[in-house]
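Going by the numbering used here, the sequence shown opens with residue 5, and the numbers climb by one from there. The beta-carbon is built from N, C-alpha and C at its ideal position, and this holds for glycine as well. Since the model is a prediction, treat every value here as computed from it, not as a measurement. All remarks here apply to the structure that follows.
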Amino acid sequence: MSATIESRFIAHDATCDGDTLARIVFGATSGRPCIEHGVPTLRLAMCDDARDGFAEIWTSAGPARNGCFNDLVYAHDDEYLFCAGFIPSSDRYTDATRKAYGDAFALVRELNFPKVFRMWNFIPHINGANQEGLEVYRDFCRGRAIAFEQDYAHASGMPAATGIGTWGEGVGFYFLACRASSPRHIENSRQTPAYEYPQRYGPKSPSFARGTLLHETLFVSGTASILGHETVHEGDLDAQWRVAIGNIAHLIGAGNLDAQGAIGGYAPRDFDQIKVYYRHAADLPRVTELAHAAFHPDANVRFLKADICRADLLVEIEGIASHRRRSD
Ligand code: 3EB
């Protein structure tokens, strides 16, 4: 069974090929996911201007079948499932998040794709306060953690994830799961596992691994300037960038993988399908420079202005490490 699932970035208004499993449009509007021309489509408001938008396309080897389950839309082949969901904006997210994630875990059981290997969550007003004065991100984390505890206990642990701000209304989320493959969740020895963060970061810890290895592909979670469990270099973009890239380099490197019994090892030049989230518009020129210096010239990189799940974080980076097909 090979890792025949891949993503690429295309123009936001480009049409999809026949083998498209799913499409996420990072544009100026957001809403409930739906099936458009046979392809599950999730629109996320991540840009002021639709002209700055792009689409992320997932393709897989087999013919895809699609469907809906409660508020979820999905498509799958024999091995891989894509699913997207939506939680309307509200002043309390715990219960709705628990329900949406509970539905998602029921779906993966029902369709027999029991192993979730990568999740993304786009949360409006992520650093704002809910009805009880709890930060929206922490409210979301509480519902997600309860769903993992109660509805995913059968499975193999928490996968790589991203939890980030969006300008739209409602939480949009999407994830990938597999049937027979055996994903391995990877931690970073420089960082406390997020699911073991101390209580001061919220009533329930964030539910994600730093990375998930699937065949020869390592899906890297949103990674920021956190050492142990502490944000470092508050207010210093360059220093936060160095720590975030350093965290990724360490996570994907042979030493960190070997220590967890995982074979392989990657370098930042093997990183692709990168998203750089930056908090302040004024930082875009600098993050662009930093990214060009850090990544392979052929790497696909997109920059998204967004709030980050800790108010003191200025930048967060995610991507996919795999052995480059080209030898250059
Ligand atoms: C951190 O390391 C930064 O809530 O799914 C990174 C990746 C972060 C995923 C999530 C949050 C999430 O805690 C934030």
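Cβ neighbours of residue 151 within its own chain (closer than 6 angstroms, five residues either side excluded): 102, 105, 106. In the DSSP assignment, residue 103 falls within the unbroken alpha helix (DSSP H) covering 98 to 114.
Residue 61 sits away from residue 113, with the two beta carbons spaced by 7 angstroms or more. By the Cβ test, the segment 121 to 140 is not in contact with the segment 62 to 79, since fewer than three Cβ pairs between them sit closer than 8 angstroms. With fewer than 16 other beta carbons inside 10 angstroms of its own, residue 267 counts as exposed. Rounded to the nearest angstrom, the gap between the Cα atoms of residue 16 and residue 33 is 12 angstroms. Excluding five sequence positions before and after residue 257, the CB atoms of its chain that fall closer than 6 angstroms to its own CB belong to 269, given in chain order. An exposed status is given to residue 54, since fewer than 16 other beta-carbon atoms sit within 10 Å of its beta-carbon. Between residue 14 and residue 64, the CB-CB gap reaches or exceeds 7 angstroms. In summary, residue 163 is buried, with 16 or more beta-carbon neighbours lying within 10 Å of its beta-carbon over all protein chains present. Cβ contact annotation for residue 246 (same chain, cutoff 7 angstroms, sequence separation greater than five): none. At least one heavy atom of the ligand 3EB sits closer than 6 angstroms to the Cβ of residue 313. By alpha-carbon distance to residue 241, the top candidate from 45, 292, 301, 148 is 292. Excluding five sequence positions before and after residue 310, the CB atoms of its chain that fall closer than 6 angstroms to its own CB belong to 168, 169, 281, given in chain order.
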